[in-house]
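So the sequences go chain by chain: R and W. If you're matching positions, the first sequence starts at 0 in numbering that gives the first Met the number 0 and goes up one per residue. If you're matching positions, the second sequence starts at 0 in numbering that gives the first Met the number 0 and goes up one per residue. Every residue, glycine too, gets a C-beta built ideally from N, C-alpha and C. Quick caveat, the model's predicted, so the values are computed rather than measured.
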Amino acid sequence: MAGKLNFSLVSPEREVFSGLVDQVDAPGVEGDFGVLADHAPFMTALKEGTVTVIDGGTRRRFEVHGGFADVTPAGLTILAERAEELAES
Amino acid sequence: MASLKEMRNRIGSVKSTQKITKALNMVAAAKLKRAQDQAESARPYARKMAAVIANLAAGVSGDGAPKLLAGTGRDHKHLIVVATGDKGLAGGFNTNVIRAARERINALIAEGKDVRIVAVGRKVRDGLSRLYGDRLIRTFEMSEHKTVGLPAAEPVAQLIAEEFEAGNADVVTLFYSRFQSVIAQVPTAKQLIPAVVDGDAPPIDLNGAVYEYEPSEEEILDTLLPRNVTTQILAAMYENQASFFGAQMGAMDNATRNAGDLIQSLTLQYNRKRQAQITTELIEIIAGAEAL
């Protein structure tokens, strides 16, 4: 089993989420993608949509508006102009 | 010499002034904490943005580089954005930033550059419009927005982008007050366009792997750079807010202490005078009794 992914979601106003997770799904401009630990370095613009953070059995969903995802060996960073956690549905 | 009643009134008025400055001091202290937290929580975004841009900029230097990053190749037209507050009663907070901006503006004018000014905060307009009336192209008032946030920063960034697109600005510099600590706020100039690549940002170690971009590097930079301008302005606004409350706290603390000193010396004078009067009255009574 691969290690965990270091994920942080930051908006200009605050750091919305930061921590180690199993998987993050995000809406890229050229298609949705999922990131696991040790993903190849990659950067993309995001379209409006939902970022899903999966850790163990829990899922947290964040609505993001305009932003970028940056995958480096150190982890995944999403810079979003606006980011808000969606209530558990 | 003032009468006893006049002195009493004077002491009363200084006391009520002291109450006001003391209250303002406490309000500023309470608000400072929040503003400081906000300024600090905005930093990760700005820092990551800088790191990403530095990383990207390394890949696209040369002719293909976007103008926001490389500049127009000239530095004749300068746009100076000065950001302070709408309110006073904060010691040197507003004047320090304005003075720093004024020095730069005067130097640029002396060099024969074309300088134009954007004021963010009413105090800037008050401080600069008399000197540079026709150069001041627009004033944004912070009080239009309840809190500092993106809605306050976006119109400023938009104006800068428009001016830049229209070819009215080659270099854009932002003046604001950096919050160093409660007692130190440093007037700071930051160049927004061409974007300054932060040399301190740690290069991202890819372990030999190659970055993939979706869409292309240029397209990402094209959307990222305008956002960077907004981010920088927002960060400056947060810093300003924290600086403002820090400066206000210091100024009001001083004012409260001064009022205390004044009350003490006035009370002393008042008591001396009162005793002198009592003594005079006693002498008169005794003299009158002896005469009988």
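Open item on the list: Taking 8 Å as the limit between beta carbons, can you name the residues of its chain near Leu261(W), skipping five residues before and five after?
Closed with: The residues are Val13.
Open item on the list: Residues of the region 136-159 of chain W in Cβ contact with chain R at a cutoff of 7 Å, in chain order, please.
Closed with: From the region 136-159 of chain W, only Gly148, Leu149 have a Cβ closer than 7 Å to chain R.
- [ ] Mind listing the chain R neighbours of Thr16(W)? Cutoff is C-beta to C-beta under 7 Å, in chain order.
- [x] Those do not exist, as Thr16(W) stays about 37 Å from chain R at its closest Cβ, beyond 7 Å.
- [ ] Under 8 Å by Cβ, that's how I've got Thr94(W) and Val123(W) pegged, so tell me the actual separation to the nearest angstrom.
- [x] Incorrect: roughly 11 Å between the Cβ atoms, too far for contact.
Open item on the list: With a threshold of 8 Å between beta carbons, is Leu173(W) in contact with chain A?
Closed with: Looking at the structure shown, chain A is missing, and the protein chains on hand are R and W.
Open item on the list: Counting only Cβ pairs nearer than 7 Å, list the residues of chain W close to Glu14(R).
Closed with: Residues of chain W passing the Cβ test: Ser40, Pro43.
Task: Beta-carbon proximity list for Ile53(R), same chain, < 8 Å, skipping 5 on both sides - done: Same-chain partners within the cutoff: Val20, Asp21, Gln22, Val23, Asp24.
Open item on the list: Counting only beta-carbon separations shorter than 8 Å, does Pro26(R) have a partner in chain W?
Closed with: Pro26(R) does not count as touching chain W.
TODO: Enumerate in chain order the residues of its own chain whose CB-to-CB distance from Val50(R) is below 6 Å, with the five nearest sequence positions on each side excluded.
DONE: Cβ within range, chain order: Ala25, Phe61, Val63.
Open item on the list: Suppose contacts are defined by Cβ-Cβ distances below 8 Å. Is Ala183(W) in contact with Asn227(W) by that definition?
Closed with: No, the pair does not count as a contact, with Cβ atoms beyond the cut-off.
Task: His75(W) burial status per 10 Å Cβ neighbour count (16 or more: buried) - done: Counting Cβ neighbours within 10 Å, His75(W) comes out exposed, since fewer than 16 surround it.
- [ ] State whether the region 236-256 of chain W contacts the region 169-186 of chain W, with contact taken as three or more CB pairs (one from each stretch) at a distance under 8 Å.
- [x] Cβ pair count under 8 Å is three or more, so yes.
- [ ] Reducing DSSP to helix, strand and coil, say where Leu223(W) ends up.
- [x] Correct three-state label for Leu223(W): helix.
Task: Three-state class that DSSP yields for Ser7(R) in the structure shown - done: Reduced to three states, the DSSP call for Ser7(R) is strand.
Open item on the list: Suppose the cutoff is 6 Å on Cβ atoms and the five residues either side in sequence are ignored; what does the same chain contact list for Arg325(W) look like?
Closed with: Residue 325(W) lies beyond the stretch modelled for chain W, which goes from 0 to 291, so this question has no answer here.
TODO: Counting only the same chain and skipping the five closest in sequence on each side, list residues whose C-beta sits under 6 Å from that of Ala82(R).
DONE: Hits under 6 Å: Leu8, Ser10, Val15, Phe61, Val63.
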